[in-house]
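Under full-length UniProt numbering, think of the first position of the sequence shown as 1, with each following residue one higher.
Here a beta-carbon is modelled for each residue, glycine too, at the ideal position from N, C-alpha and C.
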Amino acid sequence: MSTPSTPSMDSIVELIKSTSTFEQLHKEVQQLRKLDKASNDNHTSIFESALQDGRDPLEVLDSLQHSAGYLFILNARLSVEGCDLDRMLPLLLEFSEKFDYEQLALVPDQVSYLVKTITNFVQSSPSHQATIALLLPLRLMVMRSSRPGHLTVLHPGFLDLCIKSRAYDFALDLLLTDTIDVDNTLGQVKYIDHLQYHYLGGVILALLKYKERAIDFLEIAVSAPGHSVSLVQIDAYKKLVILQLLTHGKTSPLPKYTAPNVHGAIKSRCAAYLDFATAFMKLDKSALMNLVAQHGPAFEEDLNSGLVKRCLASLRRRQIEKLTETYMTLSLGDLCQALGLDRNVEHDLLDVKQELSMMIDEKHIFGSITPADDLASATVTFTDDSSLYTSHETLQRLAQSIATTQKMIAQSDARAKEIEKSKEFVTKAYTAAGNQASAMAGGHGMNLASMPSFGGEFDYAEEGVWDGGDD
């Protein structure tokens, strides 16, 4: 029997349904919070109860009209030991499709609790199918809980779950939208949220083969302003270097606004990657193999051994591209020898011939292979792209690229001037970073093991970021 201090579920539902104004909603939320706190103190929740006639209150309430109250009850239901997910999932999905954003803004703690609950369910999910079913309502919540291009506290955790469950496509729409601002409605977006979002986003984009955008995301993470350097930035830089080598065959300087302490941390903590990049750009296979032998354990510990292997596999293509700048015609045997292979070994000759044919077919290079009785004597001819200056399509692409580049340069210059002259912006940026950034010294740095998705089970090698070469 209920007492005055413990209202019945029927009276709670009546309270929720009778709310019609925003002022009443504020009072409703205050009352629900008190009941929720009392429930936590007593280790039993009134929100778990059924109505007097046995019905589930979630079937009586409307998830759009009564979003705030609905969420209190939904959280309690999902927290029950032995929760019947088969029955709760449709209700969870309906809520994520219909909730009223303004009402949820009044109960950010309940939103956070729901996300945490879904996360726990995903991590203990018995099958991939069940995981996807749980990710769908979370994806809807993330997509509907912010305006396009606005980062919220929900974003990093969602990306983390997408990686852990290998449901990368679930995050793609989100990651293809440029982030222009933060939305603190559902909780304060912290400096580390910004770093995690762009780091994890870069990882997902790389896995989905959006190489250029992955590079952009990782670069944003590395160059983010802060009083101290986060280990997330260091880890992002390591992946950034390898991705740049795979995509462009060389590394690019960090943006000029990157803090000096970031450059210093990179030099001291990324030496193996800097040496690897130098050897790769020199096409020095021997030096690369020595570096892999020397720093192999470090690459594995950083979960980058798969990317490093891809780099090594793409080296031959980079060497061939370099040779097209020197030779117009040479024999297959001479080409083999120039690549450091044995011109007298048929297997090496066939490998190089196959690689050449693929590169020509994919238009990475232009040329032909003229057969001969002796495989080593086959003639390899390199040519320029005949359509480079004549194709209407090519000229159109060139004009578009020039226009895009000019626009980006103008935007970048304008933004740089705005930042340089705005002391207020710089002050806010560094204050926001404050103690949120993990320090590299004094033992206060962030431990990557405590970060999402830094477990040893994840590596690019098993995911196959690129199936071969640098395509």
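For Phe217, the enclosing alpha helix (DSSP H) begins and ends at 211-223. If you draw a 10 Å sphere on the C-beta of Gln244, you find 16 or more other C-beta atoms in it, and that means buried. By the criterion of at least three beta-carbon pairs nearer than 8 Å, the stretch 310-327 is in contact with the stretch 283-300. Taking C-beta separations shorter than 6 Å and ignoring five residues to either side along the sequence, the partners of Gly249 in its chain run Arg318, following chain order.
Judged by DSSP in its simplified three-state form, Asp181 adopts strand. Segment contact: the stretch 373-385 against the stretch 321-338, three or more CB-CB distances shorter than 8 Å; contact assigned. For His150, the pairing in a beta bridge is given by DSSP as Asp181.
In the structure shown, the three-state DSSP call for Leu323 is helix.
Here the stretch 183-194 makes contact with the stretch 150-159; the two share three or more CB pairs at distances below 8 Å. Judged by DSSP secondary structure, Thr370 falls within the beta strand (DSSP E) whose first and last residues are 366-370.
In this structure, the beta-carbon distance from Tyr168 to Leu136 does not fall below 8 Å. Here Ala287 really is in contact with Ala279; their C-beta atoms are around 4 Å apart, less than 8 Å. When DSSP states are grouped into helix, strand and coil, Val107 belongs to the coil group.
Counting other Cβ atoms within 10 Å of its Cβ, Gln110 reaches 16 or more and is therefore classed as buried.
The beta carbons of Ala214 and Gln233 sit about 16 Å from each other, so the pair does not count as a contact at 8 Å.
Note that the C-beta distance between Ser377 and Ser314 is not below 8 Å. If you check the CB distance, Phe22 and Phe47 do not come in under 8 Å. Residue state for Phe382 is assigned as strand, using DSSP reduced to three classes.
Straight-line spacing of the CA atoms in Ile369 and Ser228 works out to 55 Å. With fewer than 16 other Cβ atoms inside 10 Å of its own Cβ, Cys83 counts as exposed. A distance of 8 Å or more separates the beta carbons of Ile163 and Leu134.
Taking C-alpha positions only, Asp100 is separated from Val189 by approximately 21 Å. By the 16-neighbour rule on beta-carbons within 10 angstroms, Pro57 is buried. Boundaries of the beta strand (DSSP E) harbouring Leu330: 329-331, taken from the DSSP string.
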